[in-house]
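> Sharing a structure, written as structure tokens. Questions coming.
In this note's numbering, the protein residues as written are 143 to 221.
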């Protein structure tokens, strides 16, 4: 049960970072200064790309047979 809760927290945090990155990228068009517009776009794209990569790696690792991050305690205890 704790493993599932941890997974939900991790995915929620990754989703929040991805959404904030996407919002920063979209909001960059509202800036008049070219420097800050570019910085906001780079930060937004970097946050979204890093989150997407982390999400893919996390899903692949949790779906693998050798789940080395957080072993499923329920399976080990025989439940």
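No residue lacks a Cβ here, since even glycine has one placed at the ideal position from N, Cα and C.
Quick caveat: nothing in here was measured; it's all calculated off a predicted structure.
I'd like to know whether the C-beta atoms of residue 189 and residue 159 end up nearer to each other than 8 Å.
Yes. Within cutoff.
> Quick one, are the C-beta atoms of residue 169 and residue 182 less than 8 Å apart?
Going by C-beta atoms, residue 169 is nearer than 8 Å to residue 182.
> How many whole angstroms separate the CB atoms of residue 152 and residue 200, which I take to be in contact at a CB cut-off of 8 Å?
The Cβ separation is near 7 Å, so the contact holds.
> Would you mind working out which of 203, 197, 178 and 193 sits nearest residue 162, comparing C-alpha positions?
Residue 162 has its Cα closest to that of 193, out of 203, 197, 178 and 193.
> Could you check what DSSP says for residue 221 in three-state terms: helix, strand or coil?
In this prediction, residue 221 scores a pLDDT of 49, lower than 50, which makes its location untrustworthy; the coordinate-derived value is nonetheless stated afterwards. Residue state, collapsed to three classes: coil.
> In three-state DSSP terms, what is residue 157?
Residue 157 falls in the helix class under three-state DSSP.
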